[in-house]
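From first to last, the protein sequence lines stand for chains W and H.
When we follow the numbering used here, the leftmost residue of the first sequence carries the number 3, and every step to the right adds one.
When we follow the numbering used here, the leftmost residue of the second sequence carries the number 5, and every step to the right adds one.
First the structure, in the form of structure tokens, and then the observations on it.
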Amino acid sequence: MGAWRWLRRRWDVLFRKRGVEAELDEEIRTHLDEEIRQNVQAGMSPAEARRRALVAFGGVERHKEEVRNVRGVRVLDDLVQDVRVSFRSFLKAPAFLVAVLLTLGLGIGANVAMFGILDASLFRPLPYPRADRLVMGRVTWNGRVGRTVSGPDFFDYRQQSSSFEDLAAYTPFVLRATVTGGGAPERVRYIYASTRFFRALGVEPVLGRGFAPDEGELGGPRVLILSYGFWQRRFGGDRDILGRSVTIAGIPFTVVGVMPRDFRFAVDVDIWVPLQRGGAWAQARQFHNFILVGRLADGVSVKQAQADVDRISESLAETYPETNRNKGLNLTPLKEALAQPYKATLGVLVAAVAVLLLIACGNVAGLLLARGSARRSELAVRSVMGAGRSRLARQLLTENVLLALGAGVVGIALATWLQRGILAFVSMDRLTPVKAGVSLPMLGFALALSVLTVVIFGALPSLRVARVEPGADLQSGTRTTGGRAATRARNVLVTGQVALTVVLLVVSGLLLRTLRELRGVDLGFDPDHLLTAAVQIPSTKYPTSASRVEFFRELQERVAALPGVEGVGFITRLPVRGSGGNVRVDLPEHFGTAGVFGKMADQRTVMPGYFHAMGIPLVAGRDVSLVDDSAATPVVVISKALAESLFPGEDALGRTVGVDVGEAEPARFEVVGVVGDVVMDHPANGPYPAMYFPYPQAAGTGLDIAVRYSGNAGAATTSVRGVLRTLNTDVPLDEPATMHDVLGRSLSGQQAIAVVVSLFGVVALLLAAIGMYGVLAFQVSRRTHEIGIRMALGASGGAVVSSVVRGGLILVALGLAVGIPASLFAARLVGGLLFGVGATDPVTYVGVALFLGAVATVACMLPAYRAARTDPVVAFRTE
Amino acid sequence: MARTDLLQGSLDLLVLKTLDLEPLHGWAISKRIQLLSHDVLEVNQGSLYPALYRLRDRGLIESEYAESEEGRRVKVYSLTKKGRAALKREQASWRLFAGAVEAILAAG
Chain W
3 MGAWRWLRRR
13 WDVLFRKRGV
23 EAELDEEIRT
33 HLDEEIRQNV
43 QAGMSPAEAR
53 RRALVAFGGV
63 ERHKEEVRNV
73 RGVRVLDDLV
83 QDVRVSFRSF
93 LKAPAFLVAV
103 LLTLGLGIGA
113 NVAMFGILDA
123 SLFRPLPYPR
133 ADRLVMGRVT
143 WNGRVGRTVS
153 GPDFFDYRQQ
163 SSSFEDLAAY
173 TPFVLRATVT
183 GGGAPERVRY
193 IYASTRFFRA
203 LGVEPVLGRG
213 FAPDEGELGG
223 PRVLILSYGF
233 WQRRFGGDRD
243 ILGRSVTIAG
253 IPFTVVGVMP
263 RDFRFAVDVD
273 IWVPLQRGGA
283 WAQARQFHNF
293 ILVGRLADGV
303 SVKQAQADVD
313 RISESLAETY
323 PETNRNKGLN
333 LTPLKEALAQ
343 PYKATLGVLV
353 AAVAVLLLIA
363 CGNVAGLLLA
373 RGSARRSELA
383 VRSVMGAGRS
393 RLARQLLTEN
403 VLLALGAGVV
413 GIALATWLQR
423 GILAFVSMDR
433 LTPVKAGVSL
443 PMLGFALALS
453 VLTVVIFGAL
463 PSLRVARVEP
473 GADLQSGTRT
483 TGGRAATRAR
493 NVLVTGQVAL
503 TVVLLVVSGL
513 LLRTLRELRG
523 VDLGFDPDHL
533 LTAAVQIPST
543 KYPTSASRVE
553 FFRELQERVA
563 ALPGVEGVGF
573 ITRLPVRGSG
583 GNVRVDLPEH
593 FGTAGVFGKM
603 ADQRTVMPGY
613 FHAMGIPLVA
623 GRDVSLVDDS
633 AATPVVVISK
643 ALAESLFPGE
653 DALGRTVGVD
663 VGEAEPARFE
673 VVGVVGDVVM
683 DHPANGPYPA
693 MYFPYPQAAG
703 TGLDIAVRYS
713 GNAGAATTSV
723 RGVLRTLNTD
733 VPLDEPATMH
743 DVLGRSLSGQ
753 QAIAVVVSLF
763 GVVALLLAAI
773 GMYGVLAFQV
783 SRRTHEIGIR
793 MALGASGGAV
803 VSSVVRGGLI
813 LVALGLAVGI
823 PASLFAARLV
833 GGLLFGVGAT
843 DPVTYVGVAL
853 FLGAVATVAC
863 MLPAYRAART
873 DPVVAFRTE
Chain H
5 MARTDLLQGS
15 LDLLVLKTLD
25 LEPLHGWAIS
35 KRIQLLSHDV
45 LEVNQGSLYP
55 ALYRLRDRGL
65 IESEYAESEE
75 GRRVKVYSLT
85 KKGRAALKRE
95 QASWRLFAGA
105 VEAILAAG
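Below, the structure is given as structure tokens:
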């Protein structure tokens with residue numbers, strides 16, 4: 003029965019509210035009437051009787067509220083009322099509403115977008131079964147984690163370790179080859195993977211089988227596994243593909259399997275080829291070409307497995323001191339290892355969006371304070387009518403929560419768009435390819451963030467505003483603007499915003515300068531008007547060294563004859579386009595004594611004319627020549643830095659160098675030329691020592707081509723492609739790109755973060771400028787009277803302007819005073835992303851201070867001019 | 005004349021007692037308490053209506069509309085059976101309490 007009544011009461015209150023309220027109204031009216039009647043009987047005038055009755059009763063509103071309170075439904079009841087009042091008051095100030103929703107929505111949206119990216123890439127497990135059991139194995143040198151492990155070492159670890167269910171290896175760099183037969187020749191991307199690679203990841207082919215053990219031994223059957231995408235693209239998803247032969251680089255391979263559609267590991271490839279013990283890329287212990295992936299055996303921890311491989315590393319070092327001294331294997335949980343390259347970038351972005359949100363909250367808090375000031379009369383009236391202080395605070399809180407939720411909705415709407423922008427710059431593809439879109443966790447995060455922002459932006463204003471003093475607030479009439487405390491609160495907000503903006507601008511400034519420095523690095527060659535591409539010839543068609551040399555000689559001659567072409571060069575891997583081929587080089591007599599890693603250099607093979615085409619200066623001696631073939635004396639052209647390091651203070655020409663070729667004795671080459679040093683892979687790494695061998699001595703099937711052209715890059719590409727087709731229709735011109743495009747791609751990471759952070763910096767600056775404008779405009783309106791008096795007493799417009807601007811610039815100075823030390827701290831945190839510029843780079847700091855000052859001055863000018871135009875007469879009349 | 009505010013919690017008891025004598029409307033309840041206490045107790049109007057609604061929600065009193073002497077529609081409260089039982093209980097415990105306080109005050 004009790005429950006029934008309770009339900010009934012709630013029902014009444016919520017849905018028959020009007021009726022219950024009316025009942026109460028009527029009762030109170032009766033009460034007052036009775037009181038008045040008695041007072042009149044006691045001899046009072048009707049007016050006096052009424053007044054006394056009201057006084058005796060106290061605030062009508064208050065009693066009604068207390069009754070509601072007692073009935074235990076007040077909270078719900080109030081909420082409905084507050085929401086209604088809130089909507090009404092928002093509609094009365096649409097500009098305020100739009101400003102808050104956009105500002106806060108942007109802040110929330112940026113954070114939700116970032117969260118979505120982190121959630122999809124970092125927070126979720128990798129898309130492999132029991133992915134937490136997977137580890138990555140990388141080489142260590144003297145305990146420092148490097149990258150690739152040598153093939154023979156991998157096979158020893160796999161054989162001797164008992165910690166893994168499976169231990170596999172793959173080449174982390176994508177190789178390219180041409181597929182011929184059954185359609186147009188096509189370049190494909192492939193990697194080598196050990197036979198149990200897929201099993202270690204826990205993924206089975208969707209068609210066919212994985213690699214068999216004998217396919218991982220030298221001389222085993224030539225087989226391959228196709229990616230789903232390539233299978234669909236080239237073979238139309240033909241299920242009879244198994245057992246069919248596919249010709250790659252002129253060699254036939256048998257298809258044994260097709261991987262599932264969504265299978266992907268670290269890089270996108272078309273084909274997996276089994277790594278063969280002692281085969282390609284795995285011939286010698288000093289050739290490091292593989293990264294290991296292991297699935298830990300049940301019950302084995304990463305630590306235990308690490309101890310296990312450490313023991314093996316020690317025994318390898320004993321058995322092969324020449325190659326394995328100081329060498330080890332590091333095991334890291336796979337996800338952690340894959341996420342490492344993104345950590346710094348993501349950290350900066352997360353911090354940037356968080357700062358952006360804080361600044362947005364600051365702005366909204368400022369807006370609320372200003373609005374609160376304007377609403378003091380309204381609130382004072384309600385307070386006089388008997389609304390309690392906590393009741394008023396709750397009303398304001400309701401408004402803030404509604405604003406934040408609205409901003410959350412705007413944020414979600416913006417998030418997809420922002421996410422697409424961020425992903426365009428910072429792809430997470432090494433971990434998991436992330437698609438832009440709104441996910442359920444993102445919605446939850448947006449909601450949580452909205453609630454959090456209420457606490458940040460809403461607490462101060464609602465506390466302040468709820469502290470109304472009806473007397474003072476009503477007396478001061480329409481010109482009320484809130485007290486000195488409100489002004490102080492807004493000043494603090496603007497100072498904080500400026501400080502945060504300084505941090506963002508300094509970091510983005512440092513990143514932009516890094517980018518500039520990287521772009522300005524002296525590459526050692528001339529990147530302007532340089533077309534690059536790759537040319538791969540089938541070994542079946544060009545089986546001999548002589549036929550290959552002839553092909554490229556012919557191509558060089560024909561391309562050089564094209565109008566506007568100033569030089570044509572061929573090299574195994576063009577600088578910046580490709581990297582690797584790092585081997586030991588030394589005086590032959592030093593081998594066997596100086597340890598494995600005496601001196602290192604990148605080795606390349608070039609056709610004559612390469613240095614000329616690239617604009618690399620010949621310092622001494624001669625270029626390689628076509629007569630330097632396998633029958634002639636082995637010769638090499640070395641870079642200046644290598645010459646100086648091998649033969650300090652001596653002439654390198656005519657001297658003999660030894661190069662590690664994975665055998666007991668080094669191969670010997672006579673130095674015939676010395677050329678300028680060149681950036682080999684990434685501009686940030688600077689020039690690197692290099693050796694250039696003549697192509698006729700070691701003629702492979704693929705070379706990069708560099709064409710120095712004048713005029714249009716597209717036209718040059720078309721004509722080079724045309725020439726290639728006249729030589730052999732089966733040889734495509736692969737991945738043509740200007741050197742500037744190649745450089746841009748290699749700097750895309752740095753560019754991405756610089757652009758994104760700068761974008762955030764600019765938004766922050768805008769918000770801070772708006773905040774400052776708001777504060778000053780508000781101060782000017784408060785000081786209209788004072789300014790009027792000063793102008794009446796003869797102050798010039800200029801004096802008024804400067805006094806207002808000074809007020810604003812003091813805030814900027816305070817913000818800088820807080821922001822610069824904070825920036826020094828932040829800059830140290832991003833130190834790893836900087837190049838050629840220090841964390842304390844004075845140019846950046848001074849630049850940011852000046853830039854901010856200039857923007858702030860503009861923001862201050864508007865209210866200042868308005869102040870200067872104050873008409874004293876009008877100013878007095880507003881009183 | 006000395007007046008005193010009602011002791012917290014005693015208002016419910018007084019309302020129940022007043023209504024035990026006869027059904028009354030709100031204003032009359034407050035006047036009746038004042039009268040019966042010889043003007044010593046003055047009911048704070050602000051607490052009266054909340055108390056009435058509370059008692060009604062607990063099912064101790066009930067209300068119905070009746071015509072006043074002037075022919076107005078007024079809400080008249082009366083005691084329920086449950087209210088009568090509650091009054092007995094409250095009265096007993098109040099007397100116990102008041103007696104105890106008096107005994108202490110009388111000592112020495």
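Every residue, glycine too, gets a C-beta built ideally from N, C-alpha and C.
Source: prediction; values computed, not measured.
- Under the three-state reduction of DSSP, Phe166(W) is assigned to strand.
- Here Ala692(W) really is in contact with Leu644(W); their C-beta atoms are around 7 Å apart, less than 8 Å.
- Look at His787(W): its C-beta is not under 8 Å from any C-beta on chain H.
- Looking only at Leu277(W), Ile227(W) and Thr607(W), the smallest Cα-Cα distance to Leu220(W) is reached by Leu277(W).
- Comparing alpha-carbon positions, the option among Ile822(W), Val807(W) and Ala858(W) lying closest to Pro844(W) turns out to be Ile822(W).
- Arg224(W) has its alpha-carbon roughly 15 Å from the corresponding atom of Gly280(W).
- For Gly30(H), the neighbours in chain W by C-beta distance under 9 Å run, in chain order, Glu29, Ile30, Thr32, His33 and Glu36.
- Between Tyr53(H) and chain W, the shortest Cβ-Cβ separation is below 8 Å.
- Within chain W, the C-beta atoms nearer than 7 Å to that of Val78(H) come from Thr32, in chain order.
- With fewer than 16 other beta carbons inside 10 angstroms of its own, Asp134(W) counts as exposed.
- Gly583(W) is the residue among Gly296(W), Gly583(W), Asn402(W) and Ala866(W) whose C-alpha sits nearest the C-alpha of Phe289(W).
- In the three-state DSSP reduction, Val141(W) falls in the strand class (E or B).
- Using a 10 angstroms sphere on the CB of Pro734(W), the tally of other CB atoms reaches 16 or more, which defines it as buried.
- Here the alpha carbon of Pro443(W) sits roughly 18 Å from the alpha carbon of Gly109(W).
- A Cβ-Cβ distance of about 25 Å is found for the pair Gly678(W) and Gly566(W), leaving them out of contact under the 8 Å criterion.
- With fewer than 16 other Cβ atoms inside 10 Å of its own Cβ, Glu324(W) counts as exposed.
- Inclusion of Arg710(W) and Gly569(W) in the CB contact set at 8 Å is warranted, their separation being smaller than that value.
- For Arg521(W), there are no CB contacts under 6 Å within the same chain when 5 residues up- and downstream are skipped.
- The three-state secondary structure of Val777(W), taken from DSSP, is helix.
- The shortest C-alpha to C-alpha distance from Asp121(W) to any of Glu591(W), Ser441(W), Phe459(W) and Thr150(W) is the one to Ser441(W).
- Going by beta carbons, Ala354(W) and Phe762(W) fall inside the 8 Å limit.
- Collapsing the DSSP output to three states places Leu404(W) in a helix.
- Selection Gly498(W), Tyr159(W) and Ser88(W) evaluated against Gly408(W) yields Ser88(W) as nearest (Cα-Cα).
- In this structure, the alpha-carbon of Arg606(W) lies about 5 Å from that of Tyr694(W).
- Residue pairing by DSSP leaves Glu50(W) without any beta bridge partner.
- For Glu71(H), the beta-bridge partners assigned by DSSP are Arg77(H).
- Residue range Leu735 to Thr740 is occupied by the beta strand (DSSP E) that includes Pro738(W).
- If you draw a straight line from the Cα of Thr842(W) to the Cα of Val663(W), it comes to about 46 Å.
- Take Leu358(W), set aside five residues on each side of it, and the residues of its chain with a beta-carbon closer than 7 Å to its own are Gly109, Ala112, Phe762, Val765 and Ala766, in chain order.
- Taken in chain order, the complete alpha helix (DSSP H) segments of 4 residues or longer contained in the segment 156-233 of chain W are 199-203.
- Glu568(W): not part of any alpha helix (DSSP H); member of the beta strand (DSSP E) spanning Val567 to Ile573, first to last residue.
- Buried is the label assigned to Tyr159(W), since at least 16 other Cβ atoms lie within 10 Å of its Cβ.
- For the pair Gly571(W) and Leu826(W), the Cα-to-Cα distance works out to about 47 Å.
- In terms of CA proximity to Arg586(W), Arg670(W) leads the group Arg263(W), Gly259(W), Arg86(W) and Arg670(W).
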